[in-house]
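Asks: Counted the way the numbering used here counts, the sequence shown spans residues 2 to 527. Built from N, CA and C at the ideal position, the CB exists for glycine as well.
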Amino acid sequence: EGGRMKPVNTFASELLRKVSKKDSYKDMDANQVVVSMLTNPRAWYFVPFIYIKKENTKVRDLIGIPHDQKYARFSDLFTEKGEYKLTDEVSKAHKKKIKDKYEESILNIDGRANLLFGALGGSIFKFFPLPEDENNKWFSFIEVRHSGFKGEDSLYVSNILPLYAGEVVAGAKSKDYSRAEEYLESIHKYQRKYGSAVVPSERKVELELFYNEYDIFKSLFSYYMLASLLMFIVVIINIFNDKKLIRVLIKICIGIILLLFAYHTVGLGIRWYISGHAPWSNGYESMIYVSWATMLFGVIFAKRSPLTLAATTFVTSMLLMVAHWNWMDPSIGNLVPVLDSYWLMVHVAIIVASYGPFTIGMILGMLALLLYIFTNKKNKKKMSLAINEITTINEMSLTIGLVMLTIGNFLGGIWANESWGRYWGWDPKETWALISIIVYAFVLHMRLIPGLKSKYTFNMMSVFAFASILMTYLGVNHLLSGLHSYAAGESAAVPNQIWGWLGLSVILSILAFIKFKKFYKKKKKS
2 EGGRMKPVNT FASELLRKVS KKDSYKDMDA NQVVVSMLTN PRAWYFVPFI
52 YIKKENTKVR DLIGIPHDQK YARFSDLFTE KGEYKLTDEV SKAHKKKIKD
102 KYEESILNID GRANLLFGAL GGSIFKFFPL PEDENNKWFS FIEVRHSGFK
152 GEDSLYVSNI LPLYAGEVVA GAKSKDYSRA EEYLESIHKY QRKYGSAVVP
202 SERKVELELF YNEYDIFKSL FSYYMLASLL MFIVVIINIF NDKKLIRVLI
252 KICIGIILLL FAYHTVGLGI RWYISGHAPW SNGYESMIYV SWATMLFGVI
302 FAKRSPLTLA ATTFVTSMLL MVAHWNWMDP SIGNLVPVLD SYWLMVHVAI
352 IVASYGPFTI GMILGMLALL LYIFTNKKNK KKMSLAINEI TTINEMSLTI
402 GLVMLTIGNF LGGIWANESW GRYWGWDPKE TWALISIIVY AFVLHMRLIP
452 GLKSKYTFNM MSVFAFASIL MTYLGVNHLL SGLHSYAAGE SAAVPNQIWG
502 WLGLSVILSI LAFIKFKKFY KKKKKS
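(1) Just verifying my parser: in three-state terms, what is the DSSP assignment at residue 510?
(2) Look at the alpha carbon of residue 247 and the alpha carbon of residue 294, and state the distance between them as a whole number of angstroms.
(3) Just to confirm the assignment: which complete alpha helix (DSSP H) runs, minimum length 4, are found wholly within the stretch 276-363?
(4) Which residue from 138, 237, 150 and 299 puts its Cα closest to that of residue 359?
(5) Taking the alpha-carbon positions, what's the residue 196 to residue 204 distance?
(6) Would you check if the distance between the CB atom of residue 198 and the CB atom of residue 136 is smaller than 8 Å?
(7) Report yes if the C-beta distance between residue 456 and residue 388 is below 8 Å; otherwise report no.
(8) What's the C-alpha gap between residue 156 and residue 497?
(9) Taking only runs of the alpha helix (DSSP H) that begin and end inside the stretch 99-173, which ones reach a length of at least 4 residues, in chain order?
(10) Using alpha carbons as the reference points, say which of 516, 61 and 159 lies closest to residue 458.
(11) Where does residue 62 land, buried or exposed, given buried means 16+ other C-beta within 10 angstroms?
(12) I want to know whether the stretch 306-314 touches the stretch 205-224 - three or more CB-CB distances under 8 Å.
(13) For residue 261, which residues in the same chain have their Cβ closer than 7 Å to its Cβ, ignoring the five residues on either side in sequence?
(14) Contact defined as beta carbons within less than 8 Å: I believe residue 236 pairs with residue 253. What is the distance between those atoms, to the nearest angstrom?
(15) Report buried or exposed for residue 85, applying the criterion of at least 16 other Cβ atoms within 10 angstroms of its Cβ.
(16) Starting from residue 460, follow the alpha helix (DSSP H) in both directions and report where the run begins and ends.
(17) For a test of the three-state rule: what should DSSP assign to residue 73, helix, strand or coil?
(18) For residue 29, which residues from the same chain have a beta carbon less than 8 Å from its beta carbon, with the 5 sequence-adjacent residues on both sides left out?
(19) Three-state secondary structure (DSSP) at residue 224?
(20) Go to residue 56, then tell me how far its alpha helix (DSSP H) extends in each direction, as first and last residue.
(21) If contact is defined by three or more beta carbon pairs under 8 Å, each pair taking one atom from either stretch, is the stretch 438-451 in contact with the stretch 402-413?
(22) So, for residue 355: in the same chain, excluding its five sequence neighbours on each side, which residues have a beta-carbon less than 7 Å away from its beta-carbon?
(23) Going by Cα to Cα distance, which pick from 449, 450, 434 and 454 is closest to residue 469?
(24) Quick one, are the C-beta atoms of residue 467 and residue 376 less than 8 Å apart?
(25) Could you tell me if residue 139 is buried or exposed, where buried requires 16 or more neighbouring beta carbons within 10 angstroms of its beta carbon?
(26) Could you compute how far the alpha carbon of residue 373 sits from the alpha carbon of residue 385?
(27) Entirely within the stretch 183-242 and at least 4 residues each: give me those alpha helix (DSSP H) ranges in chain order.
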């Protein structure tokens, strides 16, 4: 599916995510769901399994299910006469060039229904390579008659899966799956015999199964979160009580975070090896790459500022959490043709990595605002030292980010000339990258303007400047269309979390300004 040969374990996980937006069903994992569909497909016609967005009440009315029902059964999509309820709406949606949200939801639900139908009918399970086929085509067991299988091969492909299904059912009663395992091994040997030219190596399959089992990036979210909270506590204690034990604990926390970063790096390497291309080619991959780049610069700055490492680890965990929201597809796929270029290694790597230092700048800016808020007469000296430390690291981080973004933008112009025959075309992605460069250039040059050169203003602006990166990275992809819109799938509304971040930033800025004016702002002599 999608032109990439993959283990059934991977395909099963992708099937569940695409149809139900979940990784499991009740107490069954993805493998068990697929085996269940193969052994008892009729039962799945009546299982609430097709995901429908909460706001799609009009679609629910069309299908005839309650507004509070999150999942539709496959049977819900058909009338008593067996007519498909979405036929007319799907036809209308396909005819329109610009589709509204209702039409997009109709097409998405239709896509999920077709995928589920293919699974229940068996047509998407193309397990069998056609012997001696120069194109290395693979087919499902229900396609035998029209696919060119002959003699014993035709008989084998037609019957092996039904035989396997029968043994699974028998094994469920006797708790003995040895016969079912024999049939699976038989299919495996058949695939290796006739499809060895395209079957991934055993090592690659084992690595992909390892990647799926441990779900590296999803599990890293919680590990990074716990490590960052622990380090925050220790570093804050150290600000007010500098003791040897506390310094040792800081080193232990740094060691734990370095191990997690190494695991993160290994995960990227495994995904790179499995996919055969650099792991920053779509929304999900770019998000885990941005989180890696953020963590990389946090580690670089760790010697100068343990507080920076704690903040960076926290924001990395947040990025990984966002990467696993259900509107991002973590599936490993083949590259879009225009991305199948060495420029993916250069332009995309540099420009996306620049978001890491900008993310650090945003989180350090918020941290500085918090330190302003908690300043009082007793702790002003220690708070001032911490704010100076954070501001210095923040300025270094934004400078690195701006240099990388500028270089990446110039390299993007060269790639654009190779791909589209022009260096610049005011495409939304190009335009917003330029806007981000201008915004951060202004933030870094504010110190030359007498009225804007305070540390408070710099940190506050480093927070709000990040909105331009959010627009460049997420807003352009989901709200606008252009030549850089490669990802397929559902569009996403502006997450409520972004509005919450903006609101929180405004509140922090106001409260911090009150304390800044009281304790830090130099009063003019009368």
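Replies: With the given structure in hand:
(1) Here residue 510 is taken as the residue at index 509 of the sequence shown, counted from 1. Looking at residue 510 - three-state DSSP - the assignment turns out to be helix.
(2) Here residue 247 is taken as the residue at index 246 of the sequence shown, counted from 1. Here residue 294 is taken as the residue at index 293 of the sequence shown, counted from 1. Annotation: residue 247 to residue 294 spans about 28 Å, alpha carbon to alpha carbon.
(3) List check, alpha helix (DSSP H) in window: 284-301, 307-324 and 350-354.
(4) Taking the sequence shown and counting its residues from 1, the one referred to as residue 359 is at position 358. That would be 299, whose Cα lies nearest to the Cα of residue 359.
(5) For the purposes of this step, residue 196 is taken as residue 195 along the sequence shown, with counting starting at 1. For the purposes of this step, residue 204 is taken as residue 203 along the sequence shown, with counting starting at 1. Between the alpha carbons of residue 196 and residue 204 lies a gap of roughly 17 Å.
(6) On the sequence shown, residue 198 is found 197 positions in, with the first residue counted as 1. On the sequence shown, residue 136 is found 135 positions in, with the first residue counted as 1. For residue 198 and residue 136, no; Cβs fall outside 8 Å.
(7) By 1-based counting over the sequence shown, the position of residue 456 is 455. By 1-based counting over the sequence shown, the position of residue 388 is 387. Yes, the pair counts as a contact, with Cβ atoms nearer than the cut-off.
(8) What you label residue 156 is simply residue 155 of the sequence shown in a count that begins at 1. What you label residue 497 is simply residue 496 of the sequence shown in a count that begins at 1. Looking at the two C-alpha atoms, the distance is approximately 56 Å.
(9) Counting only runs of 4+ residues, the alpha helix (DSSP H) found wholly inside the stretch 99-173 occupies 102-122, in chain order.
(10) In the sequence shown, counting from the first residue as 1, residue 458 sits at position 457. When C-alpha distances from residue 458 are compared across 516, 61 and 159, the shortest belongs to 516.
(11) Counting from one through the sequence shown, the residue named residue 62 turns up at place 61. Answer is exposed; the Cβ neighbour count stays below 16.
(12) Put simply, the stretch 306-314 does not touch the stretch 205-224. Fewer than three CB pairs are less than 8 Å apart.
(13) As a position in the sequence shown, residue 261 is number 260, starting the count at 1. Cβ contact annotation for residue 261 (same chain, cutoff 7 Å, sequence separation greater than five): 221, 224, 225 and 228, in chain order.
(14) Numbered from 1 along the sequence shown, position 235 holds the residue referred to as residue 236. Numbered from 1 along the sequence shown, position 252 holds the residue referred to as residue 253. The Cβ separation is near 12 Å, so there is no contact.
(15) Residue numbering aside, residue 85 sits at position 84 when the sequence shown is read from its first letter. Classification of residue 85: exposed, given that the 10 Å Cβ count is below 16.
(16) Here residue 460 is taken as the residue at index 459 of the sequence shown, counted from 1. Going by DSSP, residue 460 is part of the alpha helix (DSSP H) stretching over 456-465.
(17) Looking up residue 73 in the sequence shown gives position 72. DSSP places residue 73 in the strand class (E or B) of the three-state scheme.
(18) Residue 29 sits at position 28 when you count from the first residue of the sequence shown. Its chain contains 37 as the residues whose beta carbon lies nearer than 8 Å to that of residue 29, once the 5 sequence neighbours on both sides are disregarded; these appear in chain order.
(19) On the sequence shown, position 223 is the one that residue 224 refers to. It is helical.
(20) Taking the first residue of the sequence shown as 1, we reach residue 56 at position 55. Run containing residue 56: none; DSSP gives neither H nor E here.
(21) Yes, the stretch 402-413 is in contact with the stretch 438-451.
(22) Start at 1 with the first residue of the sequence shown, and residue 355 comes out as number 354. Leaving aside the five residues that flank residue 355 on each side, the residues in its chain whose CB is nearer than 7 Å to its CB run, in chain order, 402, 405, 406 and 409.
(23) By one-based count along the sequence shown, residue 469 stands at place 468. For the residues 449, 450, 434 and 454, the minimum Cα distance to residue 469 belongs to 434.
(24) The sequence position of residue 467 within the sequence shown is 466, counting from 1. The sequence position of residue 376 within the sequence shown is 375, counting from 1. Contact annotation: residue 467 and residue 376 have beta-carbon atoms that are not nearer than 8 Å.
(25) Residue numbering aside, residue 139 sits at position 138 when the sequence shown is read from its first letter. By the neighbour-count rule (16 or more Cβ atoms within 10 Å), residue 139 is buried.
(26) Within the sequence shown, residue 373 is the residue found at index 372, counting from 1. Within the sequence shown, residue 385 is the residue found at index 384, counting from 1. Rounded to the nearest angstrom, the two C-alpha atoms are 8 Å apart.
(27) Secondary structure within the stretch 183-242: the alpha helix (DSSP H) runs of 4 or more consecutive residues, fully enclosed, are 203-215 and 217-241 (chain order).
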